[in-house]
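A quick write-up on the structure given underneath.
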Amino acid sequence: QLSHQPVVLAPALSLFFCQGTDTALNNATAVLRSLIWLLLLQQPCLISHLLQKYKESGADLFRDQNAFIALSEAFRNMLKDPELKPVYLAVDALDECAQGRSELVRLISTSLTLSQKVKWLLSSRPEVDLLAELKYPGTNFTDASNSLVELDTQRLAEPVNAYIDHKLIALRCRKGYNDSVLAEVSREVRQRAENTFLWVALAFKVLDTVHGRYAVKRITEMPPGLSELYDHMMTRIEAGQMIEPQDCKTVLVVTSLTFRPLAIAELSVLADLPSDVAETAIEMCGSFLTITEGTVNLIHQSAKDYLEKNYQSRLQPAGPSQGHAEIGRRSIDAMSSILRQNMYNLDLGFK
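All residue numbers for the sequence shown refer to the numbering used here, where the first residue is 20 and numbers rise by one.
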């Protein structure tokens, strides 16, 4: 609908993608800071509401422990500004907001009562009941609640099917994927996907390296349900022949335990693997890991949850403490091999 409106009249869009595996992207302050930044890029006239706060607090406005409170006040003032133009605010994977989610949801709920020019699009896994959280006590929510629309998993069937159709079209140019094979793949994927985009994405990622002759067999080997699918992928990693399966597990241990995403070179050091072996391990763990601009990330919060839950049974029987100890030892070894005392050979005045 937006594409049919004149550009001048089309509401602006500010969005944020929460990522539970990245401490810079899994908290309420990061969400609000980014939404405000994008909103100001689109509507600079609102900057005055932030400037006053900035004059009072300086750069700490954006990063100290009270940042969310100060930014929230500035944000509410922006929404009440009569110069505000219509805007859509989107937050994806709100369940992965590990710090301050309740405060963020409360702010979202309040914003619905401040301006009719603001619309929110929120997504979350089912275990977080956003609709209930939005209707928290203490807010004049009677009118705003009527504007809420919930899309449950059953209503995802149509967009998931559209995504499957898109992926099937991409397979047409691959060897062995004739109309008959594509029809069987389509039927099996739709039956197993359970309206889950990630399951579909992982299934077609596997097919990227499979000849059409074997495509249906590979799909039927994949169980429905993400946890079961991750189990299946781990079993395939353990049966791998290109490199030692333990090298893959070491890479998964490091990526699941570190507190931020790692560059490939960092991962190579912390896993104590040559860079080419580390890169091969990342490729073999493609159902769990992805590389973005040279940085290795877990593919989804559900992958992190699976690895944490099954850490001792699938990765390291000694447990996470042993993994942390090994990461620490390798870090010290790497620094010790490069750094040295008194690197400028200064005369310290004693022997």
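Even glycine gets a Cβ: it sits at the ideal position worked out from N, Cα and C.
Since residue i and residue j should fall inside the 8 Å C-beta cutoff, what is the C-beta to C-beta distance between them, to a whole number of angstroms?
i: residue 231; j: residue 193; result: 6 Å
i: residue 299; j: residue 256; result: Going by Cβ atoms, the distance from residue 299 to residue 256 rounds to 12 Å, so no, they are not a contact pair.
i: residue 343; j: residue 276; result: 6 Å
i: residue 219; j: residue 182; result: 6 Å
i: residue 381; j: residue 201; result: Outside the shown range of the chain, which is 20 to 370, sits residue 381, and nothing can be said about it.
Compare the Cα-Cα distances from residue i to each of the options and report the closest residue.
i: residue 90; options: 31, 73, 42 and 291; result: 73
i: residue 123; options: 78, 47 and 59; result: 47
i: residue 92; options: 106, 70 and 78; result: 70
i: residue 203; options: 265, 211 and 235; result: 235
i: residue 305; options: 55, 34, 294 and 224; result: 224
i: residue 239; options: 227, 211, 315 and 290; result: 211
i: residue 180; options: 273, 61, 208 and 127; result: 208
i: residue 105; options: 61, 120 and 116; result: 61
i: residue 84; options: 314, 119, 63 and 101; result: 119
i: residue 213; options: 101, 229, 246 and 55; result: 246
Leaving aside the five residues before and after residue i along the sequence, list all residues of the same chain whose C-beta is less than 6 Å from its C-beta, in chain order.
i: residue 217; result: 319
i: residue 80; result: 72, 73 and 89
i: residue 40; result: 317 and 323
Leaving out the 5 sequence neighbours to the left and right, which residues in its chain are closer than 7 Å to residue i when beta-carbon positions are compared?
i: residue 259; result: 267 and 303
i: residue 86; result: 48 and 80
i: residue 271; result: 304, 307, 326 and 334
i: residue 18; result: No answer is possible for residue 18: it lies beyond the span of the chain, which begins at 20 and ends at 370.
i: residue 161; result: Note that residue 161 scores 48 on pLDDT, short of 50, meaning its location in the model is unreliable and no value can be drawn from it.
i: residue 53; result: 35
Work out the CA separation of residue j and residue i for me, nearest whole Å.
i: residue 195; j: residue 205; result: 15 Å
i: residue 36; j: residue 51; result: 11 Å
i: residue 265; j: residue 311; result: 24 Å
i: residue 111; j: residue 233; result: 35 Å
i: residue 107; j: residue 77; result: 28 Å
i: residue 58; j: residue 126; result: 16 Å
i: residue 7; j: residue 65; result: Only positions 20 to 370 of the chain appear in this structure, which leaves residue 7 out of reach.
i: residue 151; j: residue 139; result: 16 Å
DSSP has residue i in a bridge; who is on the other side?
i: residue 139; result: 108
i: residue 316; result: 309
i: residue 46; result: 118
i: residue 356; result: Note: residue 356 sits in no beta bridge, so no partner.
Shorter than 7 Å, the distance from the beta carbon of residue i to the closest heavy atom of the ligand SAM, or not?
i: residue 135; result: Looking for the ligand SAM in the displayed structure turns up nothing, as the structure carries no ligands at all.
By Cβ distance below 8 Å, which residues in the same chain neighbour residue i in space, the five residues on each side in sequence not counted?
i: residue 134; result: 98, 99 and 103
i: residue 273; result: 281, 286, 289, 290, 342 and 346
i: residue 279; result: 41, 42 and 43
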